[in-house]
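Working notes for the structure below.
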Amino acid sequence: AEKAEKKTGVRPAFVLAVLKQETNLGANVGSCVITNLSTGETKNTKSGQVFSKGIHPTRDLPLLQEIVKELGRNPLSTIVSCPQSVGFGGAMGPAQFIPSTWNLIKSKVKNALDKSIPDPWNPADAIMASSILLQDNGASARTYTAERNAACKYYSGRICSDPTVKNVFYGNAVMALAEKIQADIDLLSN
């Protein structure tokens, strides 16, 4: 997180709070695998539940197939997020990037890491990628409002006050986590 801060200006406590909110720092990266490379159907590897809206079939499925091919992984055994009650699943790794968002920042991640093929399932790559997206979302201003809005945009693509989406809970949760993480960092730094 400190390496990412040097490249992006995003506070380590803030990016770690986002990762804590998303996956408990990589402990819960999803439990679905794709079962159909045409429709995007997925299956929960723990419960066996099948999801017809596992991953967006036109926006994200082709990109996911490119990403895993580039990384030398099997698209039918690579773990992604299961869908929630609304929308699609298919998010990747500790930072839970959907493939279309990963594709938007991939070249910036490559440059920041000086790495030919960044990997959304690799924790260091995920931290850098999250920091880059959060920087793009305004978090490098390092104010409460800027960071909270950056968190909401990370979650839904929109700022916290957008009346058309109920995402403020996410921004508030991330900011509460960031405060706790910053207190731990401060304690360890002294």
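This note's numbering applies: residue -1 is where the sequence shown begins, and numbers increase by one. All C-beta atoms, glycine included, are put in the ideal place defined by N, C-alpha and C. The model shown is predicted, which means the values in this text are computed figures rather than measured ones.
Just the C-alpha distance for residue i and residue j, rounded to the nearest angstrom, thanks.
| i | j | result |
| --- | --- | --- |
| Leu14 | Asp184 | 14 Å |
| Ile125 | Thr21 | 12 Å |
| Ala149 | Ser50 | 29 Å |
| Gly169 | Ala181 | 18 Å |
| Gly88 | Tyr152 | 16 Å |
| Val78 | Cys30 | 5 Å |
| Leu61 | Asn188 | 45 Å |
| Thr6 | Leu102 | 16 Å |
Among the candidates the options, whose CA atom is the shortest distance from the CA of residue i?
| i | options | result |
| --- | --- | --- |
| Pro97 | Asn147, Asn109, Lys67 and Ser83 | Lys67 |
| Ser114 | Gly28, Ser105, Asn165 and Asn120 | Ser105 |
| Leu131 | Glu145, Asn120, Trp119 and Asn188 | Glu145 |
| Leu35 | Gln63, Asp123 and Ala181 | Gln63 |
| Gly91 | Thr76, Ser83, Thr141 and Val84 | Thr76 |
| Thr99 | Arg57, Asn26 and Asp160 | Arg57 |
| Leu17 | Ser128, Asn165 and Lys164 | Ser128 |
| Phe204 | Val84, Pro116 and Ser83 | Nothing in the structure corresponds to residue 204, since the chain is present only between -1 and 188. |
My assumption, with CB atoms under 8 Å, is that residue i sits in contact with residue j. Please give the rounded CB distance.
| i | j | result |
| --- | --- | --- |
| Leu59 | Ile53 | 5 Å |
Do residue i and residue j have their C-beta atoms within less than 7 Å of each other?
| i | j | result |
| --- | --- | --- |
| Gln19 | Val172 | yes |
| Pro81 | Ile32 | no |
Query raised in the report: Would you call the stretch 2 to 16 and the stretch 24 to 43 in contact, with 3 or more CB pairs under 8 Å?
Result: By the criterion of at least three beta-carbon pairs nearer than 8 Å, the stretch 2 to 16 is not in contact with the stretch 24 to 43.
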